[in-house]
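Start counting the sequence shown at 22; every next residue gets the next number (the working numbering).
Quick reminder that beta carbons are idealized off the backbone N, C-alpha and C, glycines included.
Source: prediction; values computed, not measured.
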Amino acid sequence: MIEATQIPKNVVSSIPTLEFNGLFDGQVVYQLGVIGELKDQGVGKYQTLAKRYPAHLESDLATKVTATSERVISQQDTPGLYQVLYQVDGDAEGVHEDVSPLTAPDIAFMTKVLGINLTAIWVRLMIGRFSGQALVKASHEGTTYHDAIYRAHFPYADYHLTNQKSAPATVIGAQIERANKGSEQ
22 MIEATQIPKN VVSSIPTLEF NGLFDGQVVY QLGVIGELKD QGVGKYQTLA
72 KRYPAHLESD LATKVTATSE RVISQQDTPG LYQVLYQVDG DAEGVHEDVS
122 PLTAPDIAFM TKVLGINLTA IWVRLMIGRF SGQALVKASH EGTTYHDAIY
172 RAHFPYADYH LTNQKSAPAT VIGAQIERAN KGSEQ
């Protein structure tokens, strides 16, 4: 078993990418947490090898990322689950890159790590039956979350494929590893 604190050896990007995840109900942005990405060189942009929740940020950077993310998410026209991407430069300054809807794999990862059914909450939001109080109640306020690492994978060896690289269209599984706990698939 790979310890959750170990970084994969084939990471080629030394510039971390952060993902601020939030739920926007049309008025309030509810912070779901910040994920740190470990990147590998893929086709075009770097592709994600693994994601770590929670990202370990310095206090100043965490404050800046949270404030910027809440501002850009609150400017969205539609309520929903959103993700704000950042590149962190050498001076530990988060550079806002993009805001987009939270992807299905990230919804599944955050649901598993937080213990909150984000899909059900999103459905309630879309049909006008969302209550911020329900989210706060479900959020296990005061809970300390253990580090978790998410790795998407495709079982190339099982299909006798060699020299293949994962791409978003070929991922068919994932593994979540938690610090001080076993892994889940």
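Straight through space, the alpha carbons of L123 and G43 are spaced by roughly 8 Å. Residue burial is scored here from C-beta neighbours: G47 has fewer than 16 other C-beta atoms within 10 angstroms and is therefore classed as exposed. Per DSSP, L78 is not a residue of any alpha helix (DSSP H), being assigned neither H nor E. Per DSSP, L146 is one residue of the alpha helix (DSSP H) stretching across L139 to M147. Here the alpha carbons of K133 and I170 stand approximately 11 Å from one another. The shortest CA-to-CA distance from V157 to any of N138, V144 and H167 is the one to N138. Secondary structure of L156 (DSSP, three-state): helix. Looking at the backbone, the Cα of Q97 and that of S80 are separated by about 26 Å. Taking 7 Å as the cut-off, the beta carbon of V109 is found no closer than this to the beta carbon of V93.
The three-state reading of DSSP puts V105 in strand, counting E and B together. Nearest to M147 by alpha-carbon distance, out of L102, S121 and Q196, is L102. Ranked by Cα distance from T38, the options E118, I197 and F130 are led by E118.
Under the three-state reduction of DSSP, L123 is assigned to coil, being neither helix nor strand.
Residue pairing from DSSP places G54 in a beta bridge opposite N42. Assigned with DSSP and collapsed to three states, R150 falls in coil, not helix or strand. In the structure shown, the three-state DSSP call for V116 is strand. Residue environment: A71 is assigned as buried (16 or more neighbouring CB atoms within 10 Å of its CB, all protein chains considered).
Going by C-alpha positions, M131 is about 13 Å away from H167.
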